[in-house]
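Here the structure is laid out as structure tokens; the discussion comes afterwards.
2 protein chains.
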Amino acid sequence: MSSTDVATVKKFLNNPDDLVPESLAGLEAAHSDLLRVDLENQIVVRRGAPTSGKVALVSGGGAGHEPLHGGFVGVGMLDAACPGAVFTSPVPDQMLAATKAVDGGAGVVHIVKNYTGDVLNFRLAAELAEDDGIQVESVLTNDDVAVEDSLYTAGRRGVGVTVLVEKIAGAKAAAGGTLAEVAGIARKVNAQGRSFGVALTSCATPTSGGPIFEIGSNEMEFGVGIHGEPGRRRERVKPAAEIVEQMTTAILGDLDAPSGSNVLAFVNGLGGTPLIELYLVYNDLTKQLERHGLTATRNLVGNYITSLEMAGVSITLLALDEELTMLWDAPVHTPALRWGT
Amino acid sequence: MSSTDVATVKKFLNNPDDLVPESLAGLEAAHSDLLRVDLENQIVVRRGAPTSGKVALVSGGGAGHEPLHGGFVGVGMLDAACPGAVFTSPVPDQMLAATKAVDGGAGVVHIVKNYTGDVLNFRLAAELAEDDGIQVESVLTNDDVAVEDSLYTAGRRGVGVTVLVEKIAGAKAAAGGTLAEVAGIARKVNAQGRSFGVALTSCATPTSGGPIFEIGSNEMEFGVGIHGEPGRRRERVKPAAEIVEQMTTAILGDLDAPSGSNVLAFVNGLGGTPLIELYLVYNDLTKQLERHGLTATRNLVGNYITSLEMAGVSITLLALDEELTMLWDAPVHTPALRWGT
Numbered sequence: 452m453s454s455t456d457v458a459t460v461k462k463f464l465n466n467p468d469d470l471v472p473e474s475l476a477g478l479e480a481a482h483s484d485l486l487r488v489d490l491e492n493q494i495v496v497r498r499g500a501p502t503s504g505k506v507a508l509v510s511g512g513g514a515g516h517e518p519l520h521g522g523f524v525g526v527g528m529l530d531a532a533c534p535g536a537v538f539t540s541p542v543p544d545q546m547l548a549a550t551k552a553v554d555g556g557a558g559v560v561h562i563v564k565n566y567t568g569d570v571l572n573f574r575l576a577a578e579l580a581e582d583d584g585i586q587v588e589s590v591l592t593n594d595d596v597a598v599e600d601s602l603y604t605a606g607r608r609g610v611g612v613t614v615l616v617e618k619i620a621g622a623k624a625a626a627g628g629t630l631a632e633v634a635g636i637a638r639k640v641n642a643q644g645r646s647f648g649v650a651l652t653s654c655a656t657p658t659s660g661g662p663i664f665e666i667g668s669n670e671m672e673f674g675v676g677i678h679g680e681p682g683r684r685r686e687r688v689k690p691a692a693e694i695v696e697q698m699t700t701a702i703l704g705d706l707d708a709p710s711g712s713n714v715l716a717f718v719n720g721l722g723g724t725p726l727i728e729l730y731l732v733y734n735d736l737t738k739q740l741e742r743h744g745l746t747a748t749r750n751l752v753g754n755y756i757t758s759l760e761m762a763g764v765s766i767t768l769l770a771l772d773e774e775l776t777m778l779w780d781a782p783v784h785t786p787a788l789r790w791g792t
Numbered sequence: 452m453s454s455t456d457v458a459t460v461k462k463f464l465n466n467p468d469d470l471v472p473e474s475l476a477g478l479e480a481a482h483s484d485l486l487r488v489d490l491e492n493q494i495v496v497r498r499g500a501p502t503s504g505k506v507a508l509v510s511g512g513g514a515g516h517e518p519l520h521g522g523f524v525g526v527g528m529l530d531a532a533c534p535g536a537v538f539t540s541p542v543p544d545q546m547l548a549a550t551k552a553v554d555g556g557a558g559v560v561h562i563v564k565n566y567t568g569d570v571l572n573f574r575l576a577a578e579l580a581e582d583d584g585i586q587v588e589s590v591l592t593n594d595d596v597a598v599e600d601s602l603y604t605a606g607r608r609g610v611g612v613t614v615l616v617e618k619i620a621g622a623k624a625a626a627g628g629t630l631a632e633v634a635g636i637a638r639k640v641n642a643q644g645r646s647f648g649v650a651l652t653s654c655a656t657p658t659s660g661g662p663i664f665e666i667g668s669n670e671m672e673f674g675v676g677i678h679g680e681p682g683r684r685r686e687r688v689k690p691a692a693e694i695v696e697q698m699t700t701a702i703l704g705d706l707d708a709p710s711g712s713n714v715l716a717f718v719n720g721l722g723g724t725p726l727i728e729l730y731l732v733y734n735d736l737t738k739q740l741e742r743h744g745l746t747a748t749r750n751l752v753g754n755y756i757t758s759l760e761m762a763g764v765s766i767t768l769l770a771l772d773e774e775l776t777m778l779w780d781a782p783v784h785t786p787a788l789r790w791g792t
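Keeping their order, the protein sequence lines are chains A and Z. Following my numbering, the numbering of the first sequence begins with 452 at its first residue and continues without gaps. Following my numbering, the numbering of the second sequence begins with 452 at its first residue and continues without gaps.
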């Protein structure tokens, strides 16, 4: 192997099987004012939960997308998160434990990214919770316009919009929304949001022993999923302005956002792309939005839904109205997203 | 070249020479409520600056360490930042323009990381500013205990503590501190803080055409600098717990923090290390602190002073007292650090 070979897993790890619980223990140690970690059930629970009468929000999925979801547990966003192993769905028992831990009698919304394992397991957990007398509404996110079906998905994949759903529905719940209202606003965010991702490199999982897909030194995966799933095509790396134009075209071809609309523009790093490049992408994105008559009245730039150390970026656009804007602006205090407090 | 070769620069870029200005334009577009960018002088200036009677804080240095420094311009932290090209000191004219743009008559503190180019250029800028009747106090950060002299440095390198200096001195200035008081607290933070970094991979600059140093597939650079400067030794990658123990030992061997002390524990990603690993490192760090009788009463975990997409981590420990803790907790609103507002 050459001295720059990336085929070896080089990570800050102890036993690879312990990455998730050890990382969760660190999350709790750093943010014990906001959350606690139940290591036996492998769930992250908001400090002070349940809150009587408040609709609770639970999300989860495979680990490796941090800060999603555990980094969004706190005030004004998620009440609990249940991470599985890296890129592996959590099991129904975790989801059930999380649901029971946060139900305040007003019901629980499950925010489920559209991957087959997550969908099946959350469905079973919801049935078990309802057997225990807890009302559950499940909200599916499926905002990735890149492909219809994918490696782990029937229909579209749930990606960047999940972060926006968690923030906005979390604000609705904090404001006293009913179960139907909180689920309704979550579905609205998903319906009005679209995403597209591009990867320059693969990531390696702690146990994969190397990159999870091969990619040439001058290639990019156009439409990549957050587990390295194939996108629309493999092509040569181009100038960022061209990549962003193509991503924006793909998104806006599927999003009802006529000229004159306000949008939330979310430039998300997949983990291994430096912030200096994310802001360059944001700059190119603003030019594309202008060309389409759109105004980014709100934005988010950073690593919020990642694929371990993958070099890549996703763009999510959310068509805003007054209510969504107000709920976005509402106070939030979580490890990864904080304002107004 | 093999299909996983990393020797090619794969980045979201247009013209490599335009990375810094295009990224700054994106920073301004995303955060126009907080700051403006003067592209001619290549400086980032707090919106509303200068504030009459308030001591102003200016920092700067080579780009490639984002969010440092431009991402810390805003309320309660920096008044201006002047980035150079990637890993290249800004020139005195930029520093002077930034100083003039934010001086509110109460003087300006220059926060200077200890690299020869930065030190010389900031010194000249301070002289030019004083010729213009602006009082300047320069504060040097040199917290990296890994090596004494380095590629670009006489004495110790300035690294992670710089973020803490900018936050805490920014709070002192916001609270009405005099020039001497703000500079004094900045020097105190530097004196009471120590850092150590480890790299698993190299980064590539936009114009380097490949990694800036070679590293074996099972090696780490123990004591790396934020420009890939060599550390104490090259060694095999070990379990994270061992790496963190060695880093902590190096830091505490040089820091006056007796058992029973409170510290701020800062686990910083160098750009390409995923958050799940940073929290694992934080977990290992808390065990080391406990072993030394220290309590992390404050913490920061994330990518705050980076080396582009380098995989690596640095640890900074700051011995806290009541005043430093209070200033750390004071409201801050910048693109990269926000609380209390």
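All C-beta atoms, glycine included, are put in the ideal place defined by N, C-alpha and C.
Per-residue burial, residue i [other beta carbons within 10 Å of its own, 16 or more giving buried]
i              : result
residue 472(Z) : buried
residue 565(Z) : buried
residue 645(Z) : buried
residue 492(Z) : buried
residue 773(A) : exposed
residue 751(Z) : buried
residue 845(A) : With chain A covering only 452 through 792, there is no way to say anything about residue 845(A).
residue 763(Z) : buried
residue 466(Z) : exposed
residue 669(A) : exposed
residue 786(A) : buried
residue 687(A) : exposed
Any non-hydrogen atom of the ligand FMN closer than 7 Å to residue i Cβ
i              : result
residue 666(Z) : Judged by which ligands are present, the structure shown has none, so any question about the ligand FMN falls away.
Bridge partner(s) assigned by DSSP for residue i
i              : result
residue 489(A) : 494(A)
residue 531(Z) : 496(Z) and 509(Z)
residue 620(A) : Residue 620(A) pairs with nothing; no bridge assigned.
residue 563(Z) : 591(Z)
residue 671(Z) : 686(Z)
residue 604(Z) : 601(Z)
residue 719(A) : 753(A) and 765(A)
residue 781(A) : Paired residues: none, contrary to the question.
residue 714(A) : 747(A) and 770(A)
residue 524(A) : 529(A)
residue 648(Z) : 765(Z)
Residue from the options with nearest C-alpha to residue i
i              : options                           : result
residue 780(A) : 482(A), 618(A) and 704(A)         : 618(A)
residue 536(Z) : 658(Z), 626(Z) and 592(Z)         : 658(Z)
residue 595(A) : 711(A), 767(A), 464(A) and 477(A) : 767(A)
residue 714(A) : 465(Z), 476(Z) and 481(Z)         : 481(Z)
residue 722(Z) : 661(Z), 652(Z), 639(Z) and 668(Z) : 652(Z)
residue 695(A) : 681(A), 631(A), 704(A) and 736(A) : 736(A)
residue 726(A) : 760(Z), 733(Z), 685(Z) and 743(Z) : 760(Z)
residue 562(A) : 762(A), 513(A), 693(A) and 616(A) : 616(A)
residue 679(Z) : 460(Z), 538(Z), 520(Z) and 500(Z) : 538(Z)
residue 783(Z) : 786(A), 551(A), 791(A) and 572(A) : 791(A)
residue 526(A) : 508(A), 693(A), 519(A) and 541(A) : 508(A)
residue 542(A) : 552(A), 572(A) and 465(A)         : 572(A)
residue 693(Z) : 638(Z), 769(Z), 731(Z) and 575(Z) : 731(Z)
Within-8 Å CB hit, residue i to chain A
i              : result
residue 719(Z) : no
residue 765(Z) : no
residue 478(Z) : yes
residue 463(Z) : yes
residue 474(Z) : yes
residue 529(Z) : no
residue 745(Z) : no
Cβ of residue i within 8 Å of any chain Z Cβ
i              : result
residue 724(A) : yes
residue 789(A) : yes
residue 655(A) : no
residue 760(A) : yes
residue 748(A) : no
residue 855(A) : Residue 855(A) cannot be examined here, being either before or after the span of chain A that is shown, 452 to 792.
residue 769(A) : no
residue 703(A) : no
Check whether the segment 660-674 of chain Z and the segment 602-614 of chain Z are in contact - that is, three or more C-beta pairs closer than 8 Å. No, the segment 660-674 of chain Z does not touch the segment 602-614 of chain Z.
Validate contact between the segment 611-626 of chain Z and the segment 518-530 of chain Z using beta carbons, cut 8 Å, 3 pairs: The count of Cβ pairs closer than 8 Å, one atom from the segment 611-626 of chain Z and one from the segment 518-530 of chain Z, reaches three, so the stretches are in contact.
Counting only Cβ-Cβ distances shorter than 7 Å, please list the residues of the segment 625-640 of chain A near chain B, keeping chain order. In the displayed structure, chain B is absent; the protein chains listed are A and Z.
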